[in-house]
Amino acid sequence: MLSYSKGPSDPPLLEETIGENLRRTVERFSQRDALVVRHQGYRASYRELWDEVDIAARALLANGVAKGDRVGIWAPNRYEWVVMQFATARVGAILVNINPAYKAAELEYALRKAGVSLLVMARGFRATDYVGMLAMVRDECPGLHTVIVLEDDWDTFLAEGACMDERALAEREATLDPHDAINIQYTSGTTGFPKGATLSHHNILNNGRLGGHILRYTERDRVCVPVPFYHCFGMVMGNLACVTHGACVVVPGESFDPHDTLAAVAAERCTSLYGVPTMFIAELEQLELEDFDLSSLRTGIMAGAPCPVELMKQARTRLHLPEITIACGMTETSPISTQAAVDDPVEKRVSTVGRVHPHVEVKVVDPKGWGTVPRGTPGEQCTRGYGVMIGYWDDPDATARAIDADGWMHSGDLAVMDEDGYVAI
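Residue numbers (the working numbering): 812 to 1236.
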């Protein structure tokens, strides 16, 4: 048997924009919690989140943002990040995620390469002065005409939106298509500057929805998201997985802190927890120092690195995560292409990254000859399906090298597919 697997065709893919999906969720779950950001004291129901997104979207229109314009977001995890994620989607702008850890040269590259015209940013993060850093590079970014500093300009920005005719937003939304580009996420290349993976509503809305489906999310779930929003783990598997199921996003802090994360789980009765293995290790170490009631937890995602057997055992018992899953993918595939099921055997959850997601194809090929290898034979993992990116922003050559003529995204990762379709990286 060859190393090829196609995921199930249920549930069907959504054929709508992110804004349309958010509207449907608000209609169904208007009074349920949508977003809790503990370090800002922010708590919003779906109706309240919709209202703020609505005003922010109109504010973008008031500032001259056209369909397809690039709007940058440079901030750690804050409620305004989530508002801008949905506001840009509703006006058809392309949200450009900027890593909070970027230095001046990386910031300049990200802004210039994407042609960012409006930037929403924090004053700074940790010891980094964002305002000062932007001043160093702004002359090299002639297309950047508007900067919104959250701590100084956010209220004024929203006031501009409140004065904007609601009909203008409705007219803009009527022009949008689910397959429009909506997001640029810079991938961390091993050499040179990162490439901007360009993703559509269809790409990331469905990936978040299907990831949540595998986790068995409902409107009763509350998902603790200590992973960064600028990364697809936070904005897709966190924000979009929740919104597509009416669940609540709980943000414990601007960046990861094990105490703050466990305190958020306990106080907000979270049912799901995300992280990379080192984050779960830090949380287990924190449990040695103080007690937290984690009995509400049941599931979550561990991604980014292999999960040792002992860590999986500890996460299932001490962190109360019997249904934790392992997921794997890449920014260019929106991101998840394989994920363990909540009821997969523990052995499969530590030795593999699960099986193929719905509506996705995965094959393992000989890197030299491109033929599909037999199961159990190592090769390069390739992915095809709805989640494959539109391409790298303004880089057709790199796009052609990554996505072949048949639509397969070549990951560069060495993988093995077993007889049951589980993939090991």
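Heads up, the beta-carbon is just placed ideally off N, CA and C, and yes, glycines get one too.
Please read all numbers here as calculations on a predicted model, not as lab measurements.
Check, Outcome
"Since R835 is in the alpha helix (DSSP H), which residue starts that stretch and which ends it?", "829-840"
"Return the Cβ separation of A900 and W1204 in integer angstroms, given the expectation that the two are a contact with Cβ distance under 8 Å.", "Not confirmed; about 17 Å, so no contact."
"What ranges does the alpha helix (DSSP H) occupy inside the region 1036-1089, keeping only unbroken runs of at least 4 residues that lie completely in it?", "1069-1079"
"How far does the beta strand (DSSP E) with D1175 in it reach, from first residue to last?", "The question names Asp, but residue 1175 is Val in the sequence shown. Run containing V1175: 1171-1176, per the beta strand (DSSP E) assignment."
"Do the CB positions of V1120 and I1137 come within less than 8 Å of each other?", "no"
"From D988 to D844, what does the alpha carbon distance come to, in whole angstroms?", "28 Å"
"Would you list the one or two residues that DSSP bridges to D1237?", "With the chain represented from 812 up to 1236, any question about residue 1237 goes unanswered, as that position is not in the structure."
"So, with DSSP's three-state summary, where would you put H956?", "coil"
"As an exercise, report each continuous alpha helix (DSSP H) stretch of at least 4 residues that is fully enclosed by the region 856-941, in chain order.", "857-873, 890-902, 915-925"
"Under the assumption that L1277 contacts L1016 (Cβ atoms under 8 Å), give the Cβ distance between them as a whole number of angstroms.", "The structure shown does not extend to residue 1277, since the chain spans only 812 to 1236, so no value can be given for it."
"Buried or exposed: where does C974 fall if 16 or more other Cβ atoms within 10 Å of its Cβ makes it buried?", "exposed"
"Below 8 Å CB to CB, which residues in the same chain sit around M895 once its five sequence neighbours on both sides are set aside?", "A867, V882, I884, L906, V931"
"In three-state DSSP terms, what is A1209?", "helix"
"Using CA atoms only, rank isn't needed, just tell me which of C952, P819, D964, Q1125 is closest to L1098.", "Q1125"
"How would you write the range of the beta strand (DSSP E) that G1111 sits in, first residue to last?", "1110-1113"
"Compare the Cα-Cα distances from S820 to each of P1185, L1225, V1171 and report the closest residue.", "V1171"
"So, T1110 versus S1083, is the Cβ gap smaller than 8 Å?", "yes"
"Tell me, please, whether the region 909-920 touches the region 964-983 by the rule of three or more beta-carbon pairs shorter than 8 Å.", "no"
"Output needed for A979: all residues of its chain with C-beta closer than 8 Å, excluding positions within five of it in sequence on either side, in chain order.", "R869, L872"
"Check D963 in the structure and name its three-state DSSP category.", "helix"
"Could you have a look at T986 and say whether DSSP puts it in helix, strand or coil?", "coil"
"Among A898, Q842, A855, which has the Cα closest to the Cα of D865?", "A898"
"Comparing alpha-carbon positions, which option in P1088, G1023, P1133, P1039 lies nearest C1059?", "G1023"
"Can you tell me the Cβ-Cβ gap for E1191 and A1008, rounded? I've got them flagged as a contact below 8 Å.", "Contact flag wrong, Cβ pair sits at about 18 Å."
"Spatial neighbours of M944 within its chain, please: C-beta separation below 8 Å, excluding the five flanking residues on both sides.", "K914, A915, L918"
"Look up R1020 in the DSSP assignment and say whether it is helix, strand or coil.", "helix"
"Looking at G903 and G935, is the spacing between their C-beta atoms short of 8 Å?", "no"
"Return the bridge partner residues of L813 from the DSSP annotation.", "P1185"
"Alpha carbon to alpha carbon, how far is V927 from L1105? Give it in angstroms, no decimals.", "42 Å"
"With a CB to CB cut of under 7 Å and the five nearest residues on each side skipped, what residues in its chain are close to F1247?", "Nothing about residue 1247 can be reported from this structure: the residues present for the chain run from 812 to 1236 only."
"Using CA coordinates, which residue listed in R983, E1230, V948, A1052 is at the minimum distance from S1145?", "A1052"
"Less than 8 Å between the C-beta atoms of T1210 and G1202, yes or no?", "yes"
"Which residue's Cα is closest to the Cα of G1019: N1050, N994, E1030?", "N1050"
"Any Cβ of chain B within less than 8 Å of the Cβ of L1016?", "Absent from the structure is chain B; it holds one protein chain and no more."
"Could you pull the start and end residues of the beta strand (DSSP E) that A1008 belongs to?", "1006-1011"
"Taking 8 Å as the cut-off, decide whether the C-beta atoms of R1166 and G1232 are in contact.", "yes"
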